[in-house]
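Numbering (the working numbering), first residue to last: 7 to 271.
Scroll down for the structure; my scribbles are underneath it.
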Ligand SMILES: C[S@@+](CC[C@H](N)C(=O)[O-])C[C@H]1O[C@@H](n2cnc3c(N)ncnc32)[C@H](O)[C@@H]1O
């Protein structure tokens, strides 16, 4: 008997698995011979288990206080092991599987490098939920999106006329696995950096999309300086609205024959 060649599909469950899991994703979970998942909530985990009872959690690779990268490497190795064994392998991650998700991208890269078919399918991310809940359209003034620690470490260029979305503020400055986050231990460094570009009383939003049906999202508006004492969790994303209007390049606008009124949003 010729052994089937392994393959990999990476799918996302959305943020609220009940409701955001697509029919396409359900079909892939059902038809795969090996399913792994990286999911942060128990309901989402149960949904995956109902669809594919033998599904295996990759969360067990996290070790308290150890660098998260160690867990990611072990996850990738476990996924690749199944592909090499000839499994039609599926890895489901919460949200969009390619958004702020190192192991899923790495598994795809390595599977392809080893000659296996590997595909990622998009899903609803926390940022997609934020746009809907906070009524933000990135087309209005543009939108920057950064991992909070990297934003500070790499001194990313800030444009205060655009929206700014900062991920992983609940584990700011921490590369280790802390299931509850680090409770803002070094968050003052982020606040200091933001205050170089925004006034201290600039209103920012602590955002947590609803994970369960009939629950409301957290949309807590606070002055920027108060971020130091805010309750931050591993699911908190920080939204910083523009602090000033964008400046129009009049010359190019005239050269293109665009009416000012057409630019209003
Ligand atoms: C490792 S990333 C995973 C992102 C996920 N793949 C996605 O597509 O949204 C974890 C970060 O995503 C954001 N996040 C996760 N769940 C969230 C939620 N329910 N509401 C808002 N942001 C969330 C937070 O910034 C969190 O620190």
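Each residue gets a CB set at the ideal place from its N, CA and C atoms; glycine is no exception.
- In the DSSP annotation of this structure, the continuous segment of the alpha helix (DSSP H) that includes residue 26 starts and ends at 23-26.
- Annotation for residue 220: no residue places its beta carbon closer than 7 Å to its own, counting only its chain and skipping 5 residues before and after.
- For residue 67, no alpha helix (DSSP H) encloses it, and the DSSP letter there is neither H nor E.
- For residue 120, there is no enclosing alpha helix (DSSP H), as DSSP marks it with neither H nor E.
- Runs of the alpha helix (DSSP H) lying entirely within the segment 180-212, each at least 4 residues long, are 193-200 in chain order.
- Residue 160 is not a Cβ neighbour of residue 172, given a cutoff of 8 Å.
- In the three-state scheme derived from DSSP, where H, G and I count as helix and E and B as strand, residue 98 is classed as strand.
- Annotation for residue 102 indicates a beta carbon within 7 Å of some heavy atom of ligand 1.
- As a beta-bridge residue in DSSP terms, residue 171 pairs with 151 and 245.
- Counting of Cβ neighbours within 10 angstroms places residue 85 among the buried residues, the total reaching 16 or more.
- By a beta-carbon distance limit of 8 Å, residue 136 contacts residue 243. Their separation comes to about 6 Å.
- For secondary structure counted as the alpha helix (DSSP H) over 4 or more consecutive residues, the segment 209-234 holds no complete run.
- A distance below 8 Å separates the beta carbons of residue 142 and residue 169.
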